[in-house]
Amino acid sequence: MSKKKVIIDEQRCKGCQICIIQCKKGVLKLGYKINKLGYRYAEVDNIDDCVACGICGEMCPDVVIEVWKE
Amino acid sequence: MSKKKVIIDEQRCKGCQICIIQCKKGVLKLGYKINKLGYRYAEVDNIDDCVACGICGEMCPDVVIEVWKE
Amino acid sequence: MSSKYYFDFVFSGFGGQGILIAGNLLCYAAILENREVTFFPSYGVEMRGGAANCYVVLSDSQIGSPIPSHPMASIIMSTPALNKFLPIIKNNGIVIINSDIVSIKDLQREDLNISLIPANKLSSEVIGNERLANMVMLGYLVAATKCVCLESLVNSISEVVSEKHKKMIPLNEKAVLAGYELFQKNSRG
Amino acid sequence: MSSKYYFDFVFSGFGGQGILIAGNLLCYAAILENREVTFFPSYGVEMRGGAANCYVVLSDSQIGSPIPSHPMASIIMSTPALNKFLPIIKNNGIVIINSDIVSIKDLQREDLNISLIPANKLSSEVIGNERLANMVMLGYLVAATKCVCLESLVNSISEVVSEKHKKMIPLNEKAVLAGYELFQKNSRG
Amino acid sequence: MEKLFLRGSEALALGAIDASVKFYAGYPITPQNDIPEFLSRELPKVGGKFVQAESEVAAINMLLGASACGLRVMTSSSSPGISLMQEGISYLSGSELPAVIVNVMRWGPGLGGIGASQGDYHQATKGGGHGDYFVPVFAPYSAQEMYDLIIRAFDVADKYRTPTMLLVDVMISLMKEKVIRRFEKRSEVKIKSWAFGKVKEGEQKIIKSLYLKGNDLERHNWKLYEKYKVMCEKEVIYESYLCDDAEIVLIGFGMVARIGKSAIDIARERNVKAGLFRPISLVPFPEKELEAISKKCKKFLVVEMNTGQMVHDIQRVLGKDIDISFYGKPSSYAPTPEELFYKIKEQI
Amino acid sequence: MEKLFLRGSEALALGAIDASVKFYAGYPITPQNDIPEFLSRELPKVGGKFVQAESEVAAINMLLGASACGLRVMTSSSSPGISLMQEGISYLSGSELPAVIVNVMRWGPGLGGIGASQGDYHQATKGGGHGDYFVPVFAPYSAQEMYDLIIRAFDVADKYRTPTMLLVDVMISLMKEKVIRRFEKRSEVKIKSWAFGKVKEGEQKIIKSLYLKGNDLERHNWKLYEKYKVMCEKEVIYESYLCDDAEIVLIGFGMVARIGKSAIDIARERNVKAGLFRPISLVPFPEKELEAISKKCKKFLVVEMNTGQMVHDIQRVLGKDIDISFYGKPSSYAPTPEELFYKIKEQI
Amino acid sequence: MKVVYKKPEVLKNVNFHFCPGCQHGLVHKIIAEAIDNFKIKDKTIAVIGVGCGVFLYDYFDVDSLEAPHGRGLAVATGVKRARPERIVFTYQGDGDLASIGLAETVHAANRGENVSVFFVNNTVYGMTGGQMAPTTLLGQITTTSPYGREFQRDGYPIRMSEMLATLEGVAFSARVALCTPKQLMEAKKAVKKAFQMQLEGLGFSFVEILSACPTNWNMQPLEAIKRVEEEMIPFFPLGIYKERRVSDVL
Amino acid sequence: MKVVYKKPEVLKNVNFHFCPGCQHGLVHKIIAEAIDNFKIKDKTIAVIGVGCGVFLYDYFDVDSLEAPHGRGLAVATGVKRARPERIVFTYQGDGDLASIGLAETVHAANRGENVSVFFVNNTVYGMTGGQMAPTTLLGQITTTSPYGREFQRDGYPIRMSEMLATLEGVAFSARVALCTPKQLMEAKKAVKKAFQMQLEGLGFSFVEILSACPTNWNMQPLEAIKRVEEEMIPFFPLGIYKERRVSDVL
Ligand SMILES: Cc1ncc(C[n+]2csc(CCOP(=O)(O)OP(=O)(O)O)c2C)c(N)n1
Ligand SMILES: Cc1ncc(C[n+]2csc(CCOP(=O)(O)OP(=O)(O)O)c2C)c(N)n1
Ligand code: SF4
Ligand code: SF4
Ligand code: SF4
Ligand code: SF4
Ligand code: SF4
Ligand code: SF4
Ligand SMILES: [Mg+2]
Ligand SMILES: [Mg+2]
């Protein structure tokens with residue numbers, strides 16, 4: 020079913036949560052783990068709801084998200 | 020009859036002729052003598068025509084004219 | 619260095635752990651005892667969120683360099699800090715490590731007097747959260763080095779804590795004491 | 619100064635009298651004779667309409683200072699110029715004064731070789747107006763000092779006069795010659 | 087007298103307040119921002135004016151205006167900003183207007199880095215601006231001296247009607263130490279009769295640096311030079327530490343001298359007869375004092391955090407019979423006391 | 087080779103054209119306006135760009151941009167304008183960008199006057215800007231040298247990738263002399279592989295002066311210093327006139343040396359054994375050459391049209407055993423040959 | 015699978031040094047996309063002002079030149095005149111472009127230098143730690159306006175896009191923001207337009223980008239973005255203030 | 015007898031150094047009249063920019079301060095903040111105020127510094143011998159635009175009165191000329207208004223005066239004045255561009 024892919028580069032995410040707030044489908048969430056930069060990072064919570072609109076990728080100020088679809 | 024006085028400081032006049040052109044009554048003219056600055060200077064030609072309007076004094080960029088009347 | 623009374627320290631960890639506050643506090647305590655002091659903070663372009671460290675020198679006469687090449691004692695609150703500073707500590711120096719944060723593999727210095735302190739845990743125990751781990755470490759250090767007396771250290775707290783956070787003073791005292799007592803227990807035990 | 623061939627001059631007058639052109643011309647003439655030359659104009663904040671003067675040095679070897687302290691010869695075209703430069707002319711120097719312009723009271727230098735030249739008048743006579751009084755003066759100077767030969771001086775005119783004013787060349791030649799001949803007449807007479 | 091625990095920069099800013107500074111203009115630049123930050127907070131409380139200028143060029147010229155009105159004025163900046171002020175400093179000198187300029191040096195040339203450096207010695211002491219003039223320059227090496235010397239700088243500036251500079255090592259500016267606030271209750275500074283008062287008094291006052299008539303400017307230049315000569319007699323300050331019996335004397339200013347002192351202590355512990363000479367006033371340079379030492383000691387080691395600037399002055403003062411070696415460290419890593427001790431040992 | 091009769095300033099501007107200058111930016115200031123006036127007319131004819139900048143600060147930064155593109159670039163100004171360029175000059179040095187800067191000195195400090203002066207020796211030679219760097223400086227004393235040395239300045243600037251300065255006496259700039267146009271048919275300058283070409287070639291090129299990582303900046307500073315050391319070996323130029331048997335040597339640069347030569351001639355005529363030493367490159371300073379002379383001659387008279395600047399370098403180089411006297415004339419009235427001769431006689 | 019969103023080509027594969035939520039990153043990215051779009055990577059020269067954007071050369075694979083603080087447009091003038099065939103842009107903060115560099119900015123604009131300018135307005139001096147900028151809002155507390163910016167003492171926040179639009183030499187002047195996808199799309203269009211203008215030789219093109227500086231505003235990233243929307247945009251209205259068309263210059 | 019016209023009191027009894035027909039003299043005179051009018055001779059401090067007006071202190075009997083070229087408004091800021099009770103004016107040429115000093119000018123205006131500015135626009139650098147100024151007209155030949163000013167290369171003549179009028183801090187901005195008695199009367203009014211604004215504490219007041227420079231235009235005085243009327247005024251329209259009223263700030 021899931022024909023979309025949202026790839027977040029965990030080691031580069033700075034946990035600003037902009038992608039999370041911008042995803043109107045609630046696909047993303049802030050995880051609890053800490054990356055090597057010292058930040059909690061964004062994770063895909065629930066890819067099924069994703070419509071591959073690409074907005075998360077567009078809005079990420081650190082340009083660490085890729086969005087793919089079939 | 021002449022109740023007006025136009026006093027031009029000859030030694031300071033630079034002969035630019037602005038007063039001459041501005042006097043609509045043709046009262047002033049450029050003389051032939053040379054002052055110590057090395058310029059031919061403006062002179063009162065014909066005070067009777069003067070209406071003591073003060074314009075020559077106002078327009079002289081070197082502020083070397085005084086105008087008086089009764 | 620020719621003076622009778624002379625101590626130098628490096629405190630190091632992450633920004634936000636209160637490294638600089640601990641350094642300041644120690645300076646104030648020494649000032650209360652009429653010592654000469656210098657406090658030198660780390661600095662650089664990229665300070666935010668990065669490493670924080672400071673050098674403290676206490677002496678009874680004018681201090682030359684504020685940056686000891688080989689500090690006599692150290693508080694270490696992060697793994698990078700351990701890697702950076704362990705090699706330069708003076709022979710037989712004192713190193714106090716927050717073992718709740720620092721991952722310790724191979725310390726490689728046999729000569730040092732190293733104490734591993736669960737400072738976060740201790741902080742939680744006495745004040746209910748981990749925020750004063752720095753104070754615990756400082757209490758331990760003062761006990762271990764006797765560079766200032768406990769009373770001065772406690773008195774210095776009110777110098778550093780601003781009016782606004784006055785209610786934090788007793789908590790800070792508790793944390794310092796906890797560290798101080800831990801050392802005494804350790805050395806007794 | 620140790621060279622066989624050496625001359626220095628000051629030319630002075632009002633702006634607009636062609637003082638600088640005369641200086642330049644003399645330099646060109648000397649260059650045609652393969653001499654070293656320097657030409658140094660007056661300058662200052664208030665140049666417009668004010669005094670103009672220039673120093674010219676001619677030599678057969680490299681020239682040191684372009685500003686002779688005591689010029690050997692001089693062309694004087696205004697009263698202020700006379701007052702300023704007469705005192706500094708070298709002993710027994712040559713001074714050529716345009717007597718049509720300069721008011722001469724007391725020259726106060728007995729040693730000098732002074733010529734009073736009615737240059738304006740001469741200019742009017744040979745070219746119909748007073749504008750080339752400077753050339754008359756220059757012709758006289760060259761005759762009096764023999765610093766360059768007449769031919770070079772005449773040839774230099776075409777170097778200085780621009781293409782546009784080419785038709786002025788013969789007039790300039792005439793004026794120069796008039797001055798030159800006046801000297802010869804004077805010295806003969 | 088209040089005893090405080092302050093960063094060097096805070097001590098300096100507080101000293102300025104105690105010196106009755108009444109006007110500050112400056113432009114942000116690392117690593118001296120805590121000075122304007124302190125003064126933007128504190129100056130209004132004492133009736134002073136703080137202006138964040140649009141640039142360093144504007145800042146130094148705002149000082150020129152406020153100084154002409156008789157106020158005690160100051161600015162602070164760091165190397166590139168100081169370069170931009172050179173025209174203004176030359177004008178202040180030429181117009182004989184007092185002002186205090188603080189340079190917390192960064193590491194050049196160009197944008198360089200913000201690390202510790204002493205790369206601006208030449209600029210500060212030889213006049214980075216055009217024309218003949220000297221700016222008195224002081225180099226503090228402790229928080230206490232940051233406080234004391236800025237006050238002295240204001241006094242010297244007023245006394246000689248000249249811009250005056252504090253040349254500060256960034257490490258001195260960052261370091262916290264005890265500071266005795268000696269001059270908290272200083273009486274107000276004297277009214278300057280040459281300055282513009284609240285109204286025009288008597289004759290028209292003209293403050294300018296343009297001299298066109300005759301030899302006025304030559305006279306003016308010699309006047310500035312004479313002021314400098316008087317400073318050379320009266321304003322020299324220096325520190326000499328264990329030089330009396332020294333076989334080698336280390337020379338450094340600011341942070342280097344501070345570290346050098348520790349190096350001398352190490353040396354003495356190991357029975358190496360080393361001493362330290364520290365110019366505190368870089369202009370006027372303590373020439374006679376240094377010469378006096380060279381009567382006894384024939385070996386000198388000059389250390390600077392640059393590729394060699396003050397060493398030129400020392401060569402000039404000491405001449406060729408003296409053995410002068412140079413250790414340069416144009417590096418944000420200050421030399422350590424041990425490092426300097428080894429350099430000392432190498433020389434003897 | 088064309089033989090011309092030119093003002094110094096024209097000779098300089100023509101030299102720049104013959105050196106293939108392709109970009110000029112500058113801001114008007116007396117007494118150097120004839121240089122931009124010449125170039126605004128002539129540069130477009132040879133495919134060069136002339137920009138009248140909004141200020142000297144803008145001008146020097148326009149040079150920075152155009153130099154990064156590999157063009158030969160220059161500016162000219164006079165003392166206060168040069169002060170405003172100090173930040174930019176420091177950046178050019180730090181970024182290793184060639185550029186030629188002409189300073190036709192006026193008479194400072196401040197607005198000062200437009201009279202002849204040599205008041206900017208310190209600024210030019212000690213780096214008016216911040217940080218460790220040296221700018222090669224040449225001081226012409228004839229129209230021919232204005233032509234020759236500007237060409238040399240462009241070559242040196244390119245060779246060492248450094249800003250380079252011509253320090254010009256206003257009298258040299260105004261004086262007309264014969265000039266041989268030696269380099270009219272010069273072949274085009276070499277393409278600079280480090281510069282931005284018509285498109286990006288290979289690797290990205292980054293031109294900057296900011297070095298933050300580790301000790302990069304220290305290395306960079308030493309690299310700049312090493313370039314300076316090479317210049318000291320290879321780029322020194324000077325003139326020595328009748329020094330061999332001299333009992334006293336007059337030292338001066340630019341106009342002073344020119345007049346000094348006449349003074350020496352007077353002296354020799356009167357059997358006074360005087361010589362002249364003239365540094366042509368002020369940076370690098372002809373240290374060894376001067377020292378060599380001091381092996382024989384023990385008396386020196388330094389003459390400057392300022393209150394004493396180059397004399398510091400001479401004291402440094404010659405040391406204390408040498409008798410160095412100074413005659414300063416910070417005056418738009420240049421000393422006369424006779425005056426200098428009397429000064430010489432006073433000393434012997 | 016097909017890519018929906020991906021990092022632009024011209025950006026290198028390295029971390030930005032920016033603080034979390036700092037919008038400098040987004041500005042970088044939309045400039046990078048425009049360069050990709052016009053395929054001008056090898057023609058472009060970046061002139062970088064001193065400010066938090068100073069490391070742009072670490073991120074963009076284009077020839078780059080560091081300008082002294084404030085002098086970006088003087089430097090860019092030198093570059094563009096020397097290499098008219100190359101595409102030149104400056105990247106400058108509000109302190110850089112509107113305070114110390116104001117004369118260079120206005121004069122380059124007035125000369126109609128054919129370069130593109132990206133102006134990051136975050137109402138503070140970011141790099142130096144949050145001092146008052148020429149664009150700091152009235153009442154805003156910064157480290158050098160500890161009692162809040164006050165008109166009488168500190169002046170009025172300066173509106174560059176409007177001011178420059180009044181100059182003859184300016185071909186394009188626009189203000190954009192990056193808080194919402196819609197704003198982002200407008201911003202992208204403006205940035206492209208700026209390059210387009212330069213490619214067509216129409217003159218000076220200027221894009222002001224309102225940007226969050228969470229660190230110096232002492233805010234969390236999301237709060238900071240809210241501040242851009244609620245406080246900055248009302249004072250600095252978005253929109254195109256000037257747009258020259260080819261036909262205007264024919 | 016009664017005097018109809020006489021030199022203002024504050025002017026000293028010395029010759030101006032200006033060239034014949036130079037309108038700097040007229041500008042001096044109308045400023046002097048305004049000082050007489052408000053009886054503020056002893057309160058006034060003149061800050062003088064470098065240009066042909068630099069000797070103003072030789073003519074005006076007021077306390078005077080020479081500013082480095084272009085920095086008049088930074089200097090005036092220092093003066094006015096130090097001595098708010100005094101009346102401060104700057105006297106600046108177009109090179110001084112609009113070229114090298116542009117940043118200082120715009121920022122002082124933007125801060126609303128309570129000073130009066132008299133800006134003499136003669137489309138050239140007078141003092142230095144007639145180089146191109148920021149206000150030089152298109153096509154105008156100067157010593158550094160020997161082929162005539164060209165927009166593409168040299169930029170567009172800058173209109174300061176209009177530009178400054180857009181800034182919040184500016185209380186008054188006007189352009190006047192001095193070619194006819196009527197223009198002179200308007201100019202006098204504007205100059206008085208500028209001082210009035212300052213006396214009332216309304217902020218930055220600015221008067222641009224179009225002025226003839228016969229010498230550097232290579233014209234006779236009368237020709238030069240004709241050029242002001244025929245060439246300058248059409249490009250630099252006379253009028254009041256901004257006027258704040260007391261009620262605006264209440
Ligand atoms: C001449 C000079 N003055 C000051 C500085 C210090 N400085 C570096 S960046 C900067 C301003 C940064 O603010 P801005 O331009 O708004 O950029 P931001 O960091 O906010 O993006 C300043 C003042 C400098 N490098 N050079
Ligand atoms: C820093 C600096 N650059 C240049 C100059 C030279 N300079 C003196 S006055 C002037 C410009 C004069 O033009 P303007 O301001 O229009 O006044 P005007 O003489 O036309 O009235 C210039 C460039 C200077 N004195 N200082
Ligand atoms: S692509 Fe769109 S829907 Fe999918 S996670 Fe991103 S923002 Fe949400
Ligand atoms: S927007 Fe980017 S940096 Fe921010 S949380 Fe999402 S992935 Fe991380
Ligand atoms: S007062 Fe009027 S009428 Fe009389 S001379 Fe003057 S301008 Fe002419
Ligand atoms: S206007 Fe004045 S200066 Fe000109 S001619 Fe008349 S009196 Fe003389
Ligand atoms: S300080 Fe501000 S502008 Fe700079 S990187 Fe951090 S958030 Fe961005
Ligand atoms: S040069 Fe022009 S502006 Fe200067 S005094 Fe002469 S006419 Fe007036
Ligand atoms: Mg900013
Ligand atoms: Mg003008």
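Residue numbers (the working numbering), protein chains in the order written: chain Y, 20 to 89; chain Z, 20 to 89; chain C, 619 to 807; chain F, 619 to 807; chain H, 87 to 434; chain A, 87 to 434; chain G, 15 to 264; chain B, 15 to 264. We put the CB at the ideal spot given by N, CA and C, even for glycine. Please read all numbers here as calculations on a predicted model, not as lab measurements.
Among the options, whose alpha-carbon lies nearest the alpha-carbon of residue i?
i: H/Tyr413; options: H/Pro184, H/Val388, H/Gly288; result: H/Val388
i: C/Phe632; options: C/Tyr623, C/Val720, C/Lys622, C/Ala669; result: C/Ala669
i: G/Ala179; options: G/Ala81, G/Glu222, G/Thr104; result: G/Glu222
i: F/Lys803; options: F/Asn701, F/Tyr758, F/Gly711; result: F/Tyr758
i: F/Ile685; options: A/Val369, A/Val397, A/Ile258, A/Glu182; result: A/Ile258
For residue i and chain B, any beta-carbon pair shorter than 8 Å?
i: G/Gln166; result: yes
i: Z/Asp68; result: no
i: A/Asn119; result: yes
Is the Cβ of residue i closer than 8 Å to any Cβ of chain H?
i: G/Glu47; result: no
i: C/Gly682; result: yes
Among residues of its own chain, excluding the 5 on either side of residue i, which ones have a beta-carbon nearer than 8 Å to its beta-carbon?
i: H/Glu325; result: Ala343, Leu362, Phe363, Arg364, Ile366
i: H/Phe124; result: Ser95, Glu96, Ala99, Leu100
For residue i, which residues of its own chain have a beta-carbon under 6 Å away from its beta-carbon, when the five flanking residues on both sides are left out?
i: A/Ala229; result: Leu92, Gly94, Ala97, Glu263, Val265
i: H/Val285; result: none
Shorter than 8 Å from the beta carbon of residue i to some beta carbon of chain Z?
i: B/Gln37; result: yes
Practice prompt. Decide yes or no for the touch test of the region 138-151 of chain B against the region 223-242 of chain B: beta carbon pairs closer than 8 Å, at least 3 of them.
Written response: yes
Worksheet item: So, do the region 117-124 of chain G and the region 114-123 of chain B have three or more beta carbon pairs nearer to each other than 8 Å?
Response: yes
Discussion item. Does the contact criterion of 3 or more C-beta pairs under 8 Å hold for the region 185-201 of chain H versus the region 183-202 of chain A?
Written reply: no
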